[in-house]
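Undergrad: In the numbering used here, the protein residues as written are -2 to 433.
Let me begin by handing over the structure; questions about it come next.
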């Protein structure tokens, strides 16, 4: 019965529409039309991952924007969240009326503008477009169409792009491109392309048995673009390989690979897989759900354990920032037909404590989320979104479960979705906006 309950929970979560009706009505929103936020890749906000269904964040000098069916703004001074719409009496549900109704795959920081990428399918093929909007949600316009070749059924169609120092980097047809916003589609520059894409493909001397499994997670830090891919190693096991592209001369080299179980200890019979990783400076910091917090030296390839995080939580989920790691003591939700929790599952449940570690591995703070369970009725799932400065943002989902036939076949409805924050310095926890 427990498995059926959790499967029903996951099913309800997956069928939740992001185009939910928002409760707040329109009015004047004090958001500057122009802001700045730097042009480097915003690493700490790029934590949600592919296909997560979580909000996408960008930061400016005065606040944060996030997309979740509409465009929202969080003011840094009072931490008040609002829909970026100044039309009186607008209920933010009509795409033809509300200027905040932005259906973005994800947001990209563009300095004076916010860029966002949309995907539409025409004749069975994916078409990706870059659009832009002012910080007050005015002057929305299509900037360009990306050189994009995946079909509707190809998972690689959903790879996220990143914005870094004036370029949008993205993946299409197993190729990493970069383009200047507003440029011509066919002028997109190839950053990296595999040697070939036959049945057996070679990448930096490593064979891949199935090219359809090849996709990249993009990252940037300073003068380097990083991309991680799951490849089959020479010993026959699949591992995460990290490559670095030097943006000064566009040369590419392999800089790191996930360690074997013999190095990091027994962890899942299928081998070691990174649950969350973060590159800054000469190091990659990585967390193994069901394992611990580690650091890898990109110049030497050596790894060292920073903290025995498994002592605090077995299958926790985590987000990194430039200051450290926030680890939630949640558990994976069972997927269909599975009998054991999945360490890498996107859907988590029942977490009530966040453990805050520094990048040196020191446990700095424990933040209790238990007040939210008293404040929010039916709270079932907490999912970490990102951590920036002293602010940790996460989604709290409430559900109503029922057994209509009395047979143990549980069904569930999402009753509420709240954006929440935790102040890492003070430990304060609160729900700041009811998304549904």
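All C-beta atoms, glycine included, are put in the ideal place defined by N, C-alpha and C.
Predicted model only: the values in this text are computed from it and were never measured.
1. Under a three-way DSSP split, which group does residue 103 fall into?
2. Let me check understanding here. Comparing Cα to Cα, which of 179, 245, 432, 275 lies closest to residue 356?
3. Less than 8 Å between C-beta atoms, sequence neighbours within five positions excluded: which residues of the same chain meet that for residue 434?
4. Note the first and the last residue of the continuous alpha helix (DSSP H) segment covering residue 258.
5. When you compare the CB positions of residue 51 and residue 380, do they come within less than 8 Å of one another, or not?
6. Which word fits residue 94, buried or exposed, when buried means at least 16 other C-beta atoms lie within 10 angstroms of its C-beta?
7. Just verifying my parser: in three-state terms, what is the DSSP assignment at residue 74?
8. If we count the other Cβ atoms within 10 Å of its Cβ and call it buried at 16 or more, is residue 247 buried or exposed?
9. Using the beta-carbon count (16 or more within 10 Å), is residue 410 buried or exposed?
10. Cα separation between residue 55 and residue 106?
11. What's the C-alpha gap between residue 475 and residue 231?
12. Please name the residue, chosen from 191, 60, 179, that lies closest to residue 228 on a Cα-to-Cα basis.
13. Is residue 383 closer than 8 Å to residue 434 when the C-beta atoms are compared?
14. Measuring CB atoms only, is the segment 277 to 295 touching the segment 308 to 328, in the sense that at least three cross pairs come out at less than 8 Å?
15. Enumerate in chain order the residues of its own chain whose CB-to-CB distance from residue 316 is below 6 Å, with the five nearest sequence positions on each side excluded.
16. For residue 291 and residue 302, I'd like the C-alpha separation in whole angstroms.
17. Using 8 Å for Cβ pairs, my map puts residue 369 next to residue 392. What's the rounded Cβ distance?
18. On the DSSP letters alone, give me the boundaries of the alpha helix (DSSP H) that residue 370 sits inside.
19. To the nearest angstrom, how far is the alpha carbon of residue 249 from that of residue 166?
20. Kindly confirm or deny that the segment 97 to 106 and the segment 60 to 76 touch, where touching means at least three C-beta pairs closer than 8 Å.
21. Where residue 75 and residue 273 are concerned, what is the direct C-alpha to C-alpha distance, given to the nearest angstrom?
22. Cβ atoms of residue 114 and residue 97: under 8 Å apart, would you say?
23. In chain order, which beta strand (DSSP E) runs of at least 3 residues are fully inside the segment 304 to 335?
24. I'd like to confirm the pairing. Which residues does DSSP put opposite residue 397 in its beta bridges?
25. Where residue 36 and residue 175 are concerned, what is the direct C-alpha to C-alpha distance, given to the nearest angstrom?
26. Please report the distance separating the alpha-carbon of residue 476 from that of residue 243.
27. Spell out the partners DSSP gives residue 182 in its beta bridges.
28. Starting from residue 355, follow the beta strand (DSSP E) in both directions and report where the run begins and ends.
29. By the three-class DSSP mapping on this structure, what secondary structure does residue 431 have?
30. Please list the terminal residues of the continuous beta strand (DSSP E) segment that includes residue 54.
31. From residue 327 to residue 347, what distance separates their C-alpha atoms?
32. Can you tell me the Cα-Cα spacing of residue 419 and residue 181, whole angstroms?
33. What does residue 271 pair with, by DSSP beta-bridge criteria?
34. Do residue 159 and residue 213 come within 8 Å of each other at the CB atom, strictly closer than that value?
35. Sort out for me which residues DSSP pairs residue 126 with in a bridge.
TA: From the atom records:
1. strand
2. 275
3. Outside the modelled stretch of the chain, which goes from -2 to 433, sits residue 434, for which no answer is possible.
4. 258 to 261
5. yes
6. exposed
7. coil
8. exposed
9. exposed
10. 6 Å
11. The shown model of the chain, from -2 to 433, leaves out residue 475, and the question about it has no answer.
12. 191
13. Residue 434 lies beyond the stretch modelled for the chain, which goes from -2 to 433, so this question has no answer here.
14. yes
15. 44, 323, 381, 383, 384
16. 4 Å
17. Going by Cβ atoms, the distance from residue 369 to residue 392 rounds to 11 Å, so no, they are not a contact pair.
18. 367 to 372
19. 15 Å
20. yes
21. 30 Å
22. no
23. 314 to 317, 321 to 325
24. 410
25. 15 Å
26. Not covered by the structure: residue 476. The range shown for the chain is -2 to 433.
27. Residue 182 pairs with nothing; no bridge assigned.
28. 350 to 355
29. strand
30. 53 to 56
31. 6 Å
32. 43 Å
33. Paired residue(s): none; residue 271 is not in a bridge.
34. no
35. 115, 142
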